[in-house]
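Undergrad:
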Amino acid sequence: MYQRSTRILVCIKNLGFDRGNPLKKGQILADGTATVGGELALGKNVLVAYMPWEGYNYEDAVLISEHLVYEDIYTFFHIRKYEIQAHVTSQGPERITKEIPHLEAHLLRNLDRNGIMMLGSWIEASDILVGKLTPQTANESSYAPEDRLLRAILGIQVSTAKETSLKLPIGGRGRVIDVRWIQKMRVSVIIQKGFVYIFHRNMKSK
Numbered sequence: 000m001y002q003r004s005t006r007i008l009v010c011i012k013n014l015g016f017d018r019g020n021p022l023k024k025g026q027i028l029a030d031g032t033a034t035v036g037g038e039l040a041l042g043k044n045v046l047v048a049y050m051p052w053e054g055y056n057y058e059d060a061v062l063i064s065e066h067l068v069y070e071d072i073y074t075f076f077h078i079r080k081y082e083i084q085a086h087v088t089s090q091g092p093e094r095i096t097k098e099i100p101h102l103e104a105h106l107l108r109n110l111d112r113n114g115i116m117m118l119g120s121w122i123e124a125s126d127i128l129v130g131k132l133t134p135q136t137a138n139e140s141s142y143a144p145e146d147r148l149l150r151a152i153l154g155i156q157v158s159t160a161k162e163t164s165l166k167l168p169i170g171g172r173g174r175v176i177d178v179r180w181i182q183k184m185r186v187s188v189i190i191q192k193g194f195v196y197i198f199h200r201n202m203k204s205k
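In numbering that gives the first Met the number 0, the protein residues as written are 0 to 205.
(1) Might you give, ordered along the chain, the residues of its own chain that have their beta carbon closer than 6 Å to the beta carbon of Glu162, omitting 5 neighbours on each side?
(2) Give me the Cβ distance between Leu39 and Glu93, rounded to the nearest whole Å; I'm assuming they're in contact under 8 Å.
(3) State the Cα-Cα distance for the pair Phe75 and Ser164, rounded to the nearest angstrom.
(4) Start and end of the beta strand (DSSP E) containing Val129?
(5) Is the Cβ-Cβ distance between Gly130 and Arg174 less than 8 Å?
(6) Measuring CA to CA, which of Lys183, Tyr55, Leu46 is closest to Ser64?
(7) The alpha helix (DSSP H) with Glu65 in it runs from where to where?
(8) Going along the chain, which residues of its own chain have a beta-carbon closer than 6 Å to the beta-carbon of Phe198, five neighbours each way excluded?
(9) If you draw a straight line from the alpha carbon of Ile169 to that of Gly114, how long is it in whole angstroms?
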């Protein structure tokens, strides 16, 4: 069972029982990242070659071991949470959508029909997690000719939308393991809030 801790690290819990089976007094219910069989288990017992920098430094030394790299001995996992909100602005409500103009198709490739990242998608930096458009009133000089005509004849206020999507920051990458979408009512206004959880693994540097 994988859960996100308060420090974005993954909490791994191994259950010590099966659903439906009776439990006994003193039985171990679960092991975590620091316990095995109910006993404290920290670190790894490894045999490595230790090479200090310039022969006398120990803080910037190098550990040489293919075993550590290829078998992911010191690999750790992160679950990062990214949040987006959709409000009702003075120009109208913000929209969560996949139909975002002027964006390249590959940036929208993993969005579902509602504009939200699909579970299991592998994403890289700058990929869109949730597509969003925020309405805004355009300047007169930026109107297209047909929009100016509508404004002059019918008095219609032409509005445009600004792309304000949630994007994965530079340097980020990983796989989408969870998406949660909730609605909250505040002063008779519905506010939509979304969370996207990204799973990523790293090698420890020390």
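Even glycine gets a Cβ: it sits at the ideal position worked out from N, Cα and C.
Given the structure is predicted, the values throughout are model-derived calculations rather than measurements.
TA: Put simply:
(1) Cβ neighbours of Glu162 beyond the five flanking positions: Ile99.
(2) Actually they are not in contact, since the Cβ atoms of Leu39 and Glu93 sit about 49 Å apart, beyond 8 Å.
(3) Counting only the Cα atoms, Ser164 lies some 29 Å from Phe75.
(4) In this chain, the beta strand (DSSP E) harbouring Val129 covers 127-129.
(5) In this structure, the beta-carbon distance from Gly130 to Arg174 does not fall below 8 Å.
(6) Comparing Cα positions, the closest option is Leu46.
(7) Where Glu65 is concerned, the enclosing alpha helix (DSSP H) stretches over 65-69.
(8) If we look at Phe198 and ignore the five residues flanking it on each side, its Cβ neighbours are Ile78, Gly173, Arg174, Ile176.
(9) Their Cα atoms are separated by approximately 21 Å.
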